[in-house]
Amino acid sequence: MSGSADRLPRLLALVPYLMSHPGAQVGEVAAVFGLSEKQLIDDLQLVWMCGLPGHTPGDLIDVSWDGGEILIDNAETIARPLRLGIDEASALLVALRMLAATPELAEVRGDALSRVTAKLERAAGEGAATVSGRLAVDVDAAPDALPRVREGLTRGRRLSLRYYVPGRDQVTPREVDPMRVVVVDGRTYLEGWCYRAEAMRLFRLDRMLGVEVLDVPADPPEEAEPIDVTGGVFRPSPTDELVELELSAAGRWVAEYYPCEQVTELGEGRLRVSLRARDEDWIVKLALRLGDTGRIVSPPEMAETVRREAERALALYAHGS
1 MSGSADRLPR LLALVPYLMS HPGAQVGEVA AVFGLSEKQL IDDLQLVWMC GLPGHTPGDL
61 IDVSWDGGEI LIDNAETIAR PLRLGIDEAS ALLVALRMLA ATPELAEVRG DALSRVTAKL
121 ERAAGEGAAT VSGRLAVDVD AAPDALPRVR EGLTRGRRLS LRYYVPGRDQ VTPREVDPMR
181 VVVVDGRTYL EGWCYRAEAM RLFRLDRMLG VEVLDVPADP PEEAEPIDVT GGVFRPSPTD
241 ELVELELSAA GRWVAEYYPC EQVTELGEGR LRVSLRARDE DWIVKLALRL GDTGRIVSPP
301 EMAETVRREA ERALALYAHG S
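What follows is the structure in structure tokens.
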């Protein structure tokens, strides 16, 4: 439990626990949260630097652990355990249902996901469960995609795909020598040698509209090497167009989510970033998604394309009203 994704919810639970257990011992608290004493002290050192805006001594949480006894003060603003609103609980329930529908996770963690979902539904109440229950989660466009892909892998046979490419809004035929199935960012992909591209490619299973196992042995060339997906799926090419964007504080997520060639702080949380656009449709959709939290600075013709698309979308809304 050392990652930042685990640490924040742990700290939000740790402070209320310490407020309700004054004088608790370091070893006891560490055992409650499943931590080593060193990990707990690292968390306490971080808590000591947290508090209300202003960051003066009177604004920060006061915590000490001299002699192994933990004392905490000035933390009343987060003294109660975190409570989720209906919208937050609903979002979590939808995410859990999506995970349960992901083939790899459903097989390995299906029971655990069902138990967590049931507990969250009980805790969230009828409102959140009703809202999330109205949403259906459909992971695979072709229901038999995963069994066919696995058959191709097991038998060592080439696959014929009908694959949807959203960037071009096209369905393309592909012949692929399958090599493995991977899950990245909650999506299931087939990795293999694509004879159309003459290169290694990743194919999302939920974009496969048809899969056929061919009676042809899979025989990828020697240069077919597994793709490194540790940093995500998107890998820009040096030949892709370089696009510069200015982002507000609310749009900074772009610099964290996509590989950027340059990131410059502009003050007040704003950024200027340069990244490679794999195609114009993709960058236009990103700019429209950003709305007023970001804008394309260059190239100017792409910024003009975004402006026209935004005007067209607004005109459709006006016509509909």
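First residue of the sequence shown? That's 1 in the UniProt record's numbering, and the numbers climb one at a time after it. Quick reminder that beta carbons are idealized off the backbone N, C-alpha and C, glycines included. Computed from a predicted model, the values in this text were never measured in an experiment.
Which word fits residue i, buried or exposed, when buried means at least 16 other C-beta atoms lie within 10 angstroms of its C-beta?
i, result
"A199", "exposed"
"E268", "exposed"
"W253", "exposed"
"L8", "exposed"
"A315", "exposed"
"L18", "buried"
"E191", "buried"
"R276", "buried"
"D43", "buried"
"V63", "buried"
"A145", "buried"
"residue 324", "Beyond the ends of the chain as shown, which are 1 and 321, falls residue 324; an answer cannot be given."
"L12", "exposed"
"V171", "exposed"
Can you tell me whether DSSP reads residue i as helix, strand or coil?
i, result
"M19", "helix"
"D281", "helix"
"W193", "strand"
"A89", "helix"
"V211", "strand"
"R157", "strand"
"G294", "strand"
"L35", "coil"
"V29", "helix"
"S312", "First, the residue type needs correcting, since residue 312 is Arg and not Ser in the sequence shown. Three-state result, R312: helix."
"R122", "helix"
"R252", "coil"
Going by Cα to Cα distance, which pick from the options is closest to residue i?
i, options, result
"S248", "T172, P238, T264", "T264"
"A30", "M49, W48, E69", "E69"
"S90", "R180, E121, G67, A24", "E121"
"residue 376", "W48, Q262, E241, M19", "Since the first residue shown for the chain is 1 and the last is 321, residue 376 is missing from the structure and cannot be characterised."
"E280", "A224, A310, E301, G291", "E301"
"I61", "W48, V26, G34", "W48"
"G27", "L40, R10, L153, S20", "L40"
"L266", "V284, G291, L245", "L245"
"Y189", "Y164, G291, F203, Y195", "F203"
"P147", "E212, A197, R201, R207", "E212"
"L209", "E175, E222, Y164", "Y164"
Assuming residue i and residue j form a contact by the criterion Cβ under 8 Å, report the distance between their Cβ atoms to the nearest whole angstrom.
i, j, result
"A255", "L271", "6 Å"
"R157", "D215", "7 Å"
"L159", "P173", "11 Å between Cβ atoms; not a contact."
Based on the DSSP secondary-structure assignment, which residues constitute the bridge partners of residue i?
i, result
"Y258", "Answer is none; Y258 lacks a bridge partner."
"P178", "G192"
"I72", "V63"
"E241", "A277"
"E265", "L271"
"Y164", "V171"
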